[in-house]
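For the record, the sequence lines run as chains B and U. Sequence positions in the first sequence follow numbering that gives the first Met the number 0 and run 0 to 324. Sequence positions in the second sequence follow numbering that gives the first Met the number 0 and run 0 to 324. The beta carbon of each residue, even a glycine, is placed where N, CA and C say it ideally should be.
Protein chains: 2
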Amino acid sequence: MLEVWRGGLLECVHQGHAVICDAKGIVAAWGNPEAVIFPRSSAKMIQALPLIETGAADARGLSDRHLALACASHRGARVHVDLAGRWLADLGLAETDLRCGAHEPGDRAERDRLVEAHEKPCQLHNNCSGKHSGFLTVTQHLKAGPEYVEIDHPLQRAIRAATEEVTGETVAGWGVDGCSAPNFAMSVTGLAKAMATYAVAREGRGAREDAMHRLTRAMAAHPHLVAGEGETCTELMRAMGGKVAIKGGAEAVYVGIVPEKGLGIALKVVDGGYRAAEAAIAALLARVGVLDPAHPAAVRRMAGIQRNWRGLETGALRIADGFAA
Amino acid sequence: MLEVWRGGLLECVHQGHAVICDAKGIVAAWGNPEAVIFPRSSAKMIQALPLIETGAADARGLSDRHLALACASHRGARVHVDLAGRWLADLGLAETDLRCGAHEPGDRAERDRLVEAHEKPCQLHNNCSGKHSGFLTVTQHLKAGPEYVEIDHPLQRAIRAATEEVTGETVAGWGVDGCSAPNFAMSVTGLAKAMATYAVAREGRGAREDAMHRLTRAMAAHPHLVAGEGETCTELMRAMGGKVAIKGGAEAVYVGIVPEKGLGIALKVVDGGYRAAEAAIAALLARVGVLDPAHPAAVRRMAGIQRNWRGLETGALRIADGFAA
């Protein structure tokens, strides 16, 4: 998928699988479209379906901002932490009700604030705190038990069912994600098909399509909530003017929902290298005609000049011949 | 080389090239031993040869601690920053004479100190500041110009010549490294051969062997200066009781010098994934019989149970079948 060049020599290569689907099936594919992968955080819009479909989101009056945060892998900036914190408070819950664990935020300002205040990061800083706030919203609505990340919890059973419905596949297995939630394995094609169902979803055609349409719109409208300043998700969604939703996942997964073309995209870099996943999603979005390949945010990821600590040019990224062609 | 498993499914795979050489040539190889790579920081013991061979190190009374730091990619902890700072002061030079650029240190305590003091990291925090202090020592000794990272500078010409001598290859090209120094390309075999020449070097057999022997001994004796607490170089060298020198490089290169076996090791992970380079060097050191594969520092890298932010087990690393066998 991606080559990394230095001094005129090829220094690194990333390989992967990618699929573009429309509502009928595969439109284009590279690598092995049947490869079974963990979608990781790129499944967050699937994991958020019960939030809307159970009626929990409406019962709690959640806004598109909440829904975007439910689908986010955010940087733990104040905007993310504050929104998740208020959300939990509105539910009458606390940070300690989360089950995602804590890690240092990616956002530099918030990280420095914590260091200066001698504060430890809390679970609200976890990049998945929005998803987990959504999980708690459903859990409360269903009057289910507090251990909402257990595989047999009603919420996770609902997510598993939704996963099988939107991918058209029986779940191939499951693993524990970084945030402790179950993550259901699927083929790259299954994930791309699922994204295509989001892309063609329209309002007023049933609860499932309503939910998909709403989540896609919420993500595309709030790029800074889905990731954060400087992040690929945020920058590329902005570059596409709020009409496309994209989402990355750990170990180099990326998905795209392209409503105007009725297309879903899914890709996985075999080695888990993020730079390749970010380059590949940009290349595929450019290929389907929704991302200007000359946009600085696209160029930086697909063909970025690499510079060192003194700003000297050291090399460049290059999309591998044949990929996204 | 390395597989990453989650929930009983293979999530990621890293491929690479590796060679073990003795003084006569290749003993074992995996992948493509002729692949041309940038050794990056794994070439630091080659880049340090002029420091000793010009007489600069002795003229300045450098200790083994200085030599270990000259071969280091350190974490920018106080011990590293202070040693480099005193070294420059002893030369009558300042941090501003360095040409490595500045970046935030990996060491958490020093990073937090900087944040709390509202100080920016300086060039002494750069993981290559020891190498550059060595470069300045040679430059001063040779009465050469201050721009010591330029490709035609007498120091870089000396490093290029030494590189060709120890690898037995004509340099295949060069690139600008992260620290702005030229980095000379070579085959994985050439790098392993070079490490084998260090492994068999003995004192009293000429300036080259004296220099190689001294650098190897300095690195093996000061694992915490070569990298830092928690780092693979440091932990594995400690696990081997100070008898083996190993060194990583950017984009997932690793080398080993095993004097007691007369062996040199070099490897490159094709995608630049560090976890695979760290696993692979541990596996090869175990294979040649100098690292106990049951040592916790080895297990963690070769077969480590992976845990998430809440400490839950999510999967495990596994050396790929056939590699290092």
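Per DSSP, Pro-153/B is not a residue of any beta strand (DSSP E); the alpha helix (DSSP H) it occupies stretches across 153 to 166. Against chain U, the beta carbon of Phe-37/B has neighbours under 8 Å at Arg-5, Gly-6, Leu-8 and Glu-10, listed in chain order. Closest option to Arg-300/B, judged by alpha-carbon separation, among Ala-42/B, Ala-238/B, Ile-256/B and Ala-249/B: Ala-238/B. Put simply, the backbone Cα of Leu-224/U is about 22 Å away from that of Lys-119/U.
The continuous beta strand (DSSP E) containing Gln-305/U extends over residues 304 to 306. For the segment 258 to 315 of chain B, the full-length beta strand (DSSP E) segments reaching 3 residues or more read 262 to 268 and 304 to 306 along the chain. Contact between Ala-251/U and Lys-267/U holds: CB atoms are separated by about 7 Å, below the 8 Å threshold. Residues of chain U with a Cβ closer than 9 Å to the Cβ of Asp-291/B do not exist, since the nearest Cβ in that chain sits about 28 Å away. Of all alpha-carbon atoms in Gly-54/B, Glu-2/B, Leu-48/B and Trp-173/B, the one lying nearest the alpha-carbon of Met-194/B is that of Leu-48/B. Per the Cβ contact rule, the segment 80 to 91 of chain U is in contact with the segment 117 to 136 of chain U (3 or more Cβ pairs under 8 Å).
If you look at Val-12/B, you'll find it in the beta strand (DSSP E) that goes 8 to 13. Annotation: Cβ neighbours of Leu-311/B in chain U (cutoff 7 Å, chain order): Val-175 and Ser-179. Gly-174/U carries a strand assignment under DSSP once its states are collapsed to helix, strand and coil. Burial state of Thr-169/U is exposed, judged by a 10 Å Cβ sphere holding fewer than 16 other Cβ atoms. The segment 214 to 264 of chain B is shown to contain whole alpha helix (DSSP H) runs of 4 or more residues at 222 to 225 and 231 to 238, in chain order.
In this structure, Trp-308/B lies near His-102/U, with their beta-carbon atoms less than 8 Å apart. The C-beta distance from Cys-232/B to Gly-247/B rounds to 6 Å, short enough to fall under 8 Å.
Collapsing the DSSP output to three states places Asp-21/U in a strand. Counting the other Cβ atoms within 10 Å of the Cβ of Pro-222/B gives 16 or more, which makes it buried. According to the DSSP assignment, Val-3/U belongs to the beta strand (DSSP E) that extends over 1 to 5. Per the DSSP secondary-structure output, Ile-45/U pairs with nothing in a beta bridge.
With its beta carbon at least 8 Å from every one in chain U, Asn-31/B lies outside the interface. In this structure, Ala-285/U lies away from Gly-303/U, with their beta-carbon atoms at least 8 Å apart. Ala-55/B is a Cβ neighbour of Thr-136/B, given a cutoff of 8 Å. Residue burial is scored here from C-beta neighbours: Ala-157/B has at least 16 other C-beta atoms within 10 angstroms and is therefore classed as buried. Residues of the segment 269 to 283 of chain B whose Cβ lies closer than 7 Å to any Cβ of chain U, in chain order: Val-269, Asp-270, Gly-271 and Gly-272.
Pro-38/B counts as buried, since no fewer than 16 other beta carbons sit within 10 angstroms of its beta carbon. With its beta carbon at least 8 Å from every one in chain U, Gly-247/B lies outside the interface.
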